[in-house]
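Participant: Residue numbers (our numbering): 238 to 621.
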Ligand code: SAH
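#1: Straight-line CA distance for residue 320 to residue 248?
#2: Under a three-way DSSP split, which group does residue 454 fall into?
#3: Can you tell me whether residue 623 is buried or exposed? The criterion is at least 16 other CB atoms within 10 Å of its CB, across all chains shown.
#4: With H, G and I counted as helix, E and B as strand and the rest as coil, what does DSSP make of residue 250?
#5: Run the proximity test for residue 483: is its beta-carbon closer than 7 Å to any non-hydrogen atom belonging to ligand 1?
#6: Under 8 Å Cβ to Cβ from residue 554, same chain only, skipping five residues before and after it: list those, please.
#7: According to DSSP, which residues form a beta bridge with residue 437?
#8: According to DSSP, simplified to helix, strand and coil, what is residue 383?
#9: Applying the criterion that 16 or more other CB atoms from any shown protein chain within 10 Å of the CB defines a buried residue, is residue 406 buried or exposed?
#10: Taking the alpha-carbon of residue 570 as reference, which of 359, 523 and 483 has the nearest alpha-carbon?
#11: Pick out the complete beta strand (DSSP E) segments inside the region 355-412, 3 residues or longer, and give them in chain order.
#12: Quick one: what's got a C-beta closer than 8 Å to residue 441's C-beta in the same chain, skipping five residues either side?
#13: Can you find at least 3 beta carbon pairs, one from the region 488-506 and one from the region 467-480, that sit closer than 8 Å?
#14: Between residue 547 and ligand 1, is the CB less than 7 Å from at least one heavy atom?
#15: Heavy atom of ligand 1 less than 7 Å from the Cβ of residue 446, yes or no?
#16: Between 313, 536, 387 and 370, which lies nearest to residue 246 when the distance is taken from Cα to Cα?
#17: Quick check on the DSSP output: the alpha helix (DSSP H) that includes residue 508 runs from which residue to which?
#18: Per DSSP, what are the beta-bridge partners of residue 293 in this structure?
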């Protein structure tokens, strides 16, 4: 089956009936970039590559011809919204909830916000689901703070979807098409959901970062932990740790873990996630990874394993040079961009041998791909 909104939406690179072709394409791309460093394993595909998204977001507009509220996604770099009812990648329940909210918006006369005239109330909706816990969070984003008949609105929504575990009202008065504003009020439930990954529990708040394909994330993290070969004795450094996921999972089979992350809210989530999982041997520092690793190398701190999971831009040259000075025995590089990965491996290759390269298809049908690389130090200690 082909997707009708493929061209206008623009999120996918491949059509719904092209999964095998997409994997072959990504494999070829990975081989071209990385085979100079070592053997590239076959990409781990997703067994059922549909409805994998645990987070679905939509923007609203009012269709004056049809006299009803419609929702969809912003076309890239534009203020136009492409209407979408169902997407083959979205969690189905999330799509259903969004369709209900559209209808309720008309029933309750909540007019959709118009970004050009800056009028109206209802801007976006965000639905997040914990695939392993079944918990569902609905975040209704409005342009103005007063939510008319909010109690009745929530009641009607829950009557239709008793599976929803929490409803949050978020206010976004900004001029951008970013989904969330800074203020949130819980209208129903606890204001967040939880999910489990690799037997650890993580809290997901409206704005928390959490991987959007939990099935493949578990495979990705297990691959990374497996590459590290932890025995319980290691000192581990988790660079670009986000909300602490990799480090917390690793902490169960390591002596001690230090995580570093630039984003203040992610660090807060990481600290509470560690507590939630009873991980007492993990610590987090809110800092620039480059600066911290530079300091750690200067102080001759010792780490056995470094996990690094930088954003698409990869790591800075200075980070990589400090990492060479820090001299961990192993580096596990988790990358969401094979091009910057290849660039960074050139630097690490001076003192590290690439032992394993594993692609994981985290975002089926899109152009994106995650890769995990295991590097081992091979240069003997220089004589003093
Ligand atoms: N390892 C996490 C998050 C990876 S995303 C996970 O698997 O969920 C990359 C993270 O790097 C983001 O959380 C981003 O905030 C953080 N980051 C970006 N630049 C950084 C820097 N210079 N120093 C530290 N962290 C940084």
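All residues carry an ideal CB built from backbone N, CA and C; glycine is no exception.
Facilitator: The answer reads as follows:
#1: Rounded to whole angstroms, residue 320 to residue 248 spans 14 Å at the Cα level.
#2: Residue 454 falls in the helix class under three-state DSSP.
#3: In the structure displayed, the chain extends from 238 to 621; residue 623 sits before or after that span and is not available.
#4: Three-state result, residue 250: coil.
#5: Result yes, Cβ under 7 Å from ligand 1.
#6: Taking residue 554 as the centre and dropping the five residues before and after it, the same chain places the C-beta of 584 closer than 8 Å to its C-beta, in chain order.
#7: DSSP, once it has assigned bridges, lists 434 as partnering residue 437.
#8: Residue 383 carries a coil assignment under DSSP once its states are collapsed to helix, strand and coil.
#9: Residue environment analysis places residue 406 among the buried positions, since at least 16 neighbouring C-beta atoms fall within 10 angstroms of its C-beta.
#10: From the listed residues 359, 523 and 483, the smallest Cα separation to residue 570 is found for 483.
#11: Runs found: 359-366, 373-379 and 403-408.
#12: 365, 367, 374, 429, 430, 431, 432 and 447, listed in sequence order.
#13: Flag = yes, the region 488-506 and the region 467-480 touch.
#14: Residue 547: yes, Cβ under 7 Å from ligand 1.
#15: True, at least one ligand heavy atom lies under 7 Å from that Cβ.
#16: Selection 313, 536, 387 and 370 evaluated against residue 246 yields 313 as nearest (Cα-Cα).
#17: For residue 508, the enclosing alpha helix (DSSP H) begins and ends at 501-513.
#18: DSSP output for residue 293 lists 364 as bridge partner(s).
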